[in-house]
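The sequence shown begins at 279 in UniProt numbering and counts up one residue at a time. Glycine included, C-beta positions come from ideal geometry on N, C-alpha and C. Fair warning: this is a prediction, and the values are worked out from it, not measured in the lab. Each remark here refers to the structure printed beneath this line.
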Amino acid sequence: PPLLEVTGLTKHYRRGRRTTTAIEGLDFTVGEGEIVGVVGESGSGKSTVGTIVAGLQTADAGSITLAGHPYPVGGRHRAGTTAPHLAPELRRSVQLVFQDPFASLNPRRTVFQSIAAPLEAHGWSRAAVRERVAEVARRTVVDEVLLERYPVALSGGQKQRIAIARALALGPRLVVADEPLAALDVTTQVEIIELILSLQQTLGTAFLFISHDLGVVASIAQRVIVLGPDGVAEIGRTEQVFTEPRSEYTGSL
Ligand code: ADP
Ligand code: ADP
Numbered sequence: 279p280p281l282l283e284v285t286g287l288t289k290h291y292r293r294g295r296r297t298t299t300a301i302e303g304l305d306f307t308v309g310e311g312e313i314v315g316v317v318g319e320s321g322s323g324k325s326t327v328g329t330i331v332a333g334l335q336t337a338d339a340g341s342i343t344l345a346g347h348p349y350p351v352g353g354r355h356r357a358g359t360t361a362p363h364l365a366p367e368l369r370r371s372v373q374l375v376f377q378d379p380f381a382s383l384n385p386r387r388t389v390f391q392s393i394a395a396p397l398e399a400h401g402w403s404r405a406a407v408r409e410r411v412a413e414v415a416r417r418t419v420v421d422e423v424l425l426e427r428y429p430v431a432l433s434g435g436q437k438q439r440i441a442i443a444r445a446l447a448l449g450p451r452l453v454v455a456d457e458p459l460a461a462l463d464v465t466t467q468v469e470i471i472e473l474i475l476s477l478q479q480t481l482g483t484a485f486l487f488i489s490h491d492l493g494v495v496a497s498i499a500q501r502v503i504v505l506g507p508d509g510v511a512e513i514g515r516t517e518q519v520f521t522e523p524r525s526e527y528t529g530s531l
């Protein structure tokens with residue numbers, strides 16, 4: 279079975295008397311070690327899908343399983359920055375990387391401390407933490423000298439690498455990346471794309487890669503979910519969804 283299986287995913291937001299349907303009846307899968315893109319206009323529900331899969335809020339209806347573990351559905355939909363909705367085995371298996379790496383990096387913590395935090399929260403010993411931080415820093419090409427620095431002293435690209443390193447610390451099988459390149463210049467975007475592709479190949483990590491940028495998604499995803507204004511427009515292999523030559527797609531939706 280696929281790593282992530284989503285069927286009938288539905289989410290409404292209620293504000294007073296107004297109800298917005300963000301996602302209705304969405305079905306998709308992410309295979310083990312697969313990169314699946316999510317594209318669509320602003321407001322099409324991309325972040326809603328990402329935060330639900332990352333466990334930051336619950337769906338109203340539908341079913342989601344990750345490596346066979348079911349997600350809770352329904353109940354209160356309180357969006358946050360941790361994953362209180364998920365059972366411990368799910369929390370370790372899925373991690374979120376945001377557009378703004380500051381969202382996952384505490385300015386008062388060194389890079390080492392930021393990457394180490396999830397490990398410490400899981401009760402790892404100091405020696406195991408040191409070893410694991412060095413390992414993920416190596417995988418994400420974070421230079422050792424950066425480990426003792428604070429986020430303020432880092433470039434945008436370095437911060438995003440470190441946010442990715444932190445997300446990888448507990449060895450997740452799926453990383454949800456919500457517009458991870460949006461705050462970066464084009465050269466740095468290419469470096470982060472190459473990093474994600476290398477992590478997919480060496481660690482077998484799967485990614486749900488959310489972006490408004492078709493060019494970026496075409497260059498990274500094996501399959502793409504295109505969210506339309508009234509539900510799903512299309513899901514398919516990248517070359518089928520983007521029927522024109524890849525180089526044509528450099529703009530936004
Ligand atoms: P995208 O990431 O594609 O821009 P979102 O998932 O953020 O889309 O939003 C989908 C729809 O849900 C939009 O109409 C948006 O205004 C609405 N929405 C998102 N979050 C909330 C919220 N917390 N409260 C009310 N409406 C929301
Ligand atoms: P749980 O979250 O279920 O308590 P973990 O998988 O986080 O379990 O790890 C439990 C213990 O095993 C930790 O104390 C940690 O030191 C050790 N451990 C697990 N994986 C590794 C690893 N890759 N490298 C070093 N130590 C590890």
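| query | result |
| --- | --- |
| With a threshold of 7 Å (Cβ to nearest heavy atom), would R293 be considered close to ligand 1? | yes |
| Got a sec? Which residues, its chain only, sit under 8 Å from H290 by beta carbon, not counting five neighbours each side? | T297, T298, T299, A300, D338 |
| Could you tell me whether any non-hydrogen atom of ligand 1 is closer than 7 Å to the CB of T298? | yes |
| Below 8 Å on the Cβ atoms is my guess for residue 547 versus S489; work out the distance and round it to an integer in Å. | As displayed, the chain neither begins before 279 nor continues past 531, which places residue 547 out of reach and without an answer. |
| Q373 lies in the beta strand (DSSP E); which residues open and close that run? | 372-375 |
| Starting from F390, trace the beta strand (DSSP E) in both directions and tell me its first and last residue. | No beta strand (DSSP E) holds F390; the alpha helix (DSSP H) holding it covers 389-399. |
| Can the beta-carbon of A484 be found less than 8 Å from the beta-carbon of G311? | yes |
| Do S341 and L505 count as a contact pair if the criterion is CB distance below 8 Å? | no |
| Among L481, D378, A441, L475, whose alpha-carbon lies nearest the alpha-carbon of V494? | L475 |
| Determine whether the beta carbon atoms of G315 and V468 lie at a separation below 8 Å. | no |
| Counting only the same chain and skipping the five closest in sequence on each side, list residues whose C-beta sits under 6 Å from that of P280. | T307, G309 |
| Enumerate in chain order the residues of its own chain whose CB-to-CB distance from G435 is below 7 Å, with the five nearest sequence positions on each side excluded. | L462, T466, E469, I470 |
| I'd like the span of the alpha helix (DSSP H) that includes V308, first residue to last. | Per DSSP, V308 belongs to no alpha helix (DSSP H); it is in the beta strand (DSSP E), 296-308. |
| Are L383 and P429 closer than 8 Å when you measure CB to CB? | yes |
| At which residues does the alpha helix (DSSP H) containing E472 begin and terminate? | 464-481 |
| Apart from the five residues on each side of it in sequence, which residues of its chain come closer than 7 Å, Cβ to Cβ, to Q478? | G311, I313, F485 |
| Provide the residue span of the alpha helix (DSSP H) that contains L492, from first to last. | 492-498 |
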